[in-house]
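>
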Amino acid sequence: MAGGKMSARQKMINLMYLVFIAMLALNMSKEVLSAFGFMNEKLTENNASTTTKNNAAYANLATKASEQTEKFGELNADAIKIKQYSADFYSYLEELKSKMTADIEDKSDYETMDKTTFLDEYFFKGDKYTEEGKEFLDKINSYRTNVINVLGENSKFQPILTKRFSTKDVTNNDGQTIKWLDYRYKGFPLVASLTNLTQIQADIKNTESDIVSDLLGGKMEEALSLNNYKGIVALEKNAYFAGEKVTGKIVLGRYDATMVPDNVTLNGKDYDNIQSGQVIIDMPAGNVGNHDIKGTISFTQNGEVVEVPFENSYSVIPEPSTAVVSADKMNVVYRGLNNPISVSLPGVSDNNLRVSATGGTLTGSKGKYILKPSSGNTAVINVSATLSSGKTVNSKATFRIKDIPAAMGSVREQYGTVRMPKSGLSNAPIAAGLPDFEFDLKINVTGFKIKVPGQLAIIVNGSKLSAAAKQKLAKAKRGDIINIFDIKATANGYNLKKVLPVNIELTN
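Just so we're aligned, residue 23 is where the sequence shown starts under the working numbering, counting upward by one.
(1) Just to confirm the assignment: which complete beta strand (DSSP E) runs, minimum length 3, are found wholly within the segment 441 to 493?
(2) Put Leu183 into one of helix, strand or coil per three-state DSSP.
(3) Over the uninterrupted alpha helix (DSSP H) stretch that includes Leu97, give me the two end residues.
(4) Going by alpha carbons, who is nearest to Lys208 out of Asn517, Glu154, Thr139?
(5) Can you check which of these residues, Leu212, Pro457, Asp191, is closest to Gln436 by C-alpha distance?
(6) Quick check on Tyr151: does DSSP put it in helix, strand or coil?
(7) Helix, strand or coil, according to DSSP, for Glu527 in the structure here?
(8) How big is the Cα-Cα spacing for His313 and Ala79?
(9) To the nearest angstrom, how far is it from the Cα of Ala491 to the Cα of Ile472?
(10) Three Cβ pairs or more, each shorter than 8 Å: is that satisfied between the segment 92 to 109 and the segment 147 to 158?
(11) If you pair each beta-carbon of the segment 415 to 431 with each one of the segment 507 to 518, do three or more pairs fall below 8 Å?
(12) Residues in the same chain with beta-carbon distance under 8 Å from Ser364, minus the five sequence neighbours each way, listed in chain order, please.
(13) Would you list the one or two residues that DSSP bridges to Lys390?
(14) Straight-line CA distance for Ser177 to Ile170?
(15) Taking the alpha carbon of Leu528 as the reference point, which residue from Asp502, Lys519, Ile509, Phe507 has its own alpha carbon closest?
(16) Taking Leu203 as part of the beta strand (DSSP E), name the residues at either end of that continuous run.
(17) Going by DSSP in three states, Met430 sits in which element: helix, strand or coil?
(18) Report yes if the CB atom of Val467 is closer than 9 Å to the CB atom of Ile526, and no otherwise.
(19) Run through the DSSP bridge pairs and tell me what Thr400 is partnered with.
(20) What residues match up with Leu288 in a beta bridge as DSSP calls it?
(21) Gln223 and Leu115 look like a contact to me (Cβ under 8 Å); what is the Cβ gap, rounded to whole Å?
(22) Can you pull the DSSP bridge partners for Glu329?
(23) Within the same chain, show all residues whose beta-carbon is closer than 6 Å to that of Ser108, passing over the 5 residues directly before and after it, in chain order.
(24) In terms of DSSP beta bridges, what is Pro395 paired with?
(25) So Thr512 is in the beta strand (DSSP E); what residue range does that whole segment cover?
(26) Given a threshold of 16 other Cβ atoms within 10 Å of its Cβ, counted over all protein chains shown, does Pro181 qualify as buried or as exposed?
(27) In the DSSP assignment, the alpha helix (DSSP H) including Tyr144 goes from what residue to what residue?
(28) How would you write the range of the beta strand (DSSP E) that Val370 sits in, first residue to last?
(29) Could you pull out every residue in the same chain whose Cβ sits closer than 7 Å to the Cβ of Lys444, ignoring the five residues on either side in sequence?
(30) Does the contact criterion of 3 or more C-beta pairs under 8 Å hold for the segment 374 to 387 versus the segment 396 to 409?
(31) How far does the beta strand (DSSP E) with Tyr132 in it extend, from its first residue to its last?
(32) How would you call Gly476, buried or exposed, if buried means at least 16 neighbouring beta carbons within 10 angstroms?
(33) Taking Gly469 and Ala454 to be in contact with their CB atoms under 8 Å, please state how far apart those CB atoms are, rounded to whole angstroms.
(34) Would you mind giving the Cβ-Cβ distance between Phe461 and Val354, rounded to the nearest angstrom? I have them listed as a contact below 8 Å.
(35) Taking C-alpha atoms, which residue in Lys121, Asn82, Phe187, Leu219 lies nearest to Gly59?
Structure, rendered in structure tokens:
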């Protein structure tokens, strides 16, 4: 108003304007000034209370982040940033309020805070802003932008923050567009501006409270969402026999990839195969029979270790390697031999089988046995076991007992008619074998008879030609057929009932 040369008329208008402002100031109700002051007190008290609640919420989130980093760690990092931005802006406003009331002795005498001078000079310079005015606007805009950047542009708080900390131009009741700083602070009594700044501080505290509560509540709501639940069928056992009732229960289980346990014990040992909040079972199945899976999953909650127990069981049955095909007429065991017998019952470990035999002697254990038949015609294997249900199962298998089939006489491991020189036969041992028999037997020849054409048959003890037999052989001619028959032999101490003869055709 004082700058430049003015006409007498302009000076008069300016003087009248100043008188008008002074009259408004004189007419400002003392009760209105006090009302602003009391409002400022209430806002200050509320800010202190909200600060206490916010600090507790921050501490709670920090604790959860230390206990469950994957679930709350990133949220806590965001909260720390918002807390720092809020503290810096709040402190700036508090310092500004202190400057505004620095020259007032009684801070509670609101009726004396009717002047507009401080902020009019602190924020404004003619129609422009001072550096302090620009800084004030920058603080508001920076706080709004920083918090939105932390939460993301798509956050539900974006429109709230934009409105709560807006510095856009304002249109008054007369339709005039006025700059925000002018509209809110220019020409206002000190106590009104003071209350206005305290209200901004309240907005900061409420913003913190809203965001931190939403971070915690949103994570909890997300965890408790039915989308994170899955129906789990928990049977009393994982293997059943035909005719049994299937028993168990169906429960709801909550899955949370961010809930990473601090420690897991499985069957009495520490276990560390944990992925996305799940304990991955990866271990040998063990022997045939029933096995337990039990242990605890430990979490830290509110500074204390909470153990969640788990328990289940499963059954191991023999793994099939080939199809089971039985020839109904071929259930045979051989007299005088150690016949191998395998015994198993699906779902029952070999240790829990009770196996016995009639018609022979049974030795062995754990599913592998040896049956040595007696003098009868049949042998029976008896099997019994007690199932997990308490039911007893009895079974038997009947085998025919047969003698070892007829062996075949041989020379130089050749059967039937063998061509060889006279000298070779003279020194070659006579043997016997079972070329197509399932058992690998060691057969010992104990005697035989030899017949040379035109000569009497000679009885020989042992497996080689005697001197008398060699004399008879010496009279044989080329092309003669030497017959070796009535061969006596044993196998595993058992006398073979029959051994087929072998013939030798002399080549010289």
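The beta-carbon is built from N, C-alpha and C at its ideal position, and this holds for glycine as well. Predicted, not measured: the structure shown is a model, and the values here were computed from it.
By the coordinates alone:
(1) Every beta strand (DSSP E) stretch that sits fully inside the segment 441 to 493 and reaches 3 residues is listed by chain position as 452 to 455, 465 to 473, 480 to 483.
(2) If DSSP states are grouped into helix, strand and coil, Leu183 belongs with the helices.
(3) Run containing Leu97: 91 to 122, per the alpha helix (DSSP H) assignment.
(4) Checked all of Asn517, Glu154, Thr139; the closest Cα to Lys208 is Thr139.
(5) The shortest Cα separation from Gln436 among Leu212, Pro457, Asp191 belongs to Pro457.
(6) Here Tyr151 sits in strand by DSSP.
(7) Under the three-state reduction of DSSP, Glu527 is assigned to strand.
(8) So the alpha carbons of these two residues sit roughly 46 Å apart.
(9) Distance between the alpha carbons of Ala491 and Ile472: 7 Å.
(10) No, because fewer than three Cβ pairs between the segment 92 to 109 and the segment 147 to 158 fall closer than 8 Å, the two stretches do not touch.
(11) Taking a cut-off of 8 Å for Cβ pairs, the segment 415 to 431 and the segment 507 to 518 touch, as three or more such pairs fall below it.
(12) Sequence-distant partners of Ser364 (beyond 5 residues in either direction) whose C-beta falls short of 8 Å from its own C-beta, in its chain, are Gly389, Lys390, Tyr391.
(13) Here Lys390 is bridged, per DSSP, to Ser364, Ser387.
(14) Taking the straight line joining both Cα atoms gives about 8 Å.
(15) Cα-wise, what sits closest to Leu528 is Asp502.
(16) Note, Leu203: premise wrong, no beta strand (DSSP E); alpha helix (DSSP H) at 202 to 207.
(17) In the three-state scheme derived from DSSP, where H, G and I count as helix and E and B as strand, Met430 is classed as strand.
(18) For the pair Val467 and Ile526, the CB atoms are not nearer than the 9 Å cut-off.
(19) The partner list for Thr400 (beta bridge, DSSP) reads Arg422.
(20) Partner(s): Lys291, Gly317.
(21) About 5 Å separates the beta carbon of Gln223 from that of Leu115, a gap short enough to meet the 8 Å contact definition.
(22) Among the bridge pairs identified by DSSP, Glu329 is matched with Ser320.
(23) Within the same chain, Ile226, Glu230 come within 6 Å of Ser108 by CB-CB distance, once the 5 residues on both sides are set aside.
(24) Paired residues: Gly382.
(25) 503 to 513 is the span of the beta strand (DSSP E), which, as asked, contains Thr512.
(26) Classification for Pro181: exposed.
(27) Here the alpha helix (DSSP H) through Tyr144 covers 139 to 145.
(28) Counting along the chain, Val370 falls outside any beta strand (DSSP E), and DSSP gives it neither H nor E.
(29) Close CB contacts of Lys444 within its chain, under the 7 Å cut and outside five residues either way in sequence, are with Leu495, Ala498, Leu528, Asn530 (chain order).
(30) Taking a contact to require three or more Cβ pairs closer than 8 Å, the segment 374 to 387 and the segment 396 to 409 qualify as touching.
(31) Run containing Tyr132: none; DSSP gives neither H nor E here.
(32) The C-beta of Gly476 has fewer than 16 other C-beta atoms within 10 Å across all chains shown, which makes the residue exposed.
(33) By a beta-carbon distance limit of 8 Å, Gly469 does not contact Ala454. Their separation comes to about 11 Å.
(34) Their Cβ separation, rounded to whole angstroms, is 12 Å, which puts Phe461 and Val354 out of contact at 8 Å.
(35) When each option's Cα is compared against that of Gly59, the closest is Leu219.
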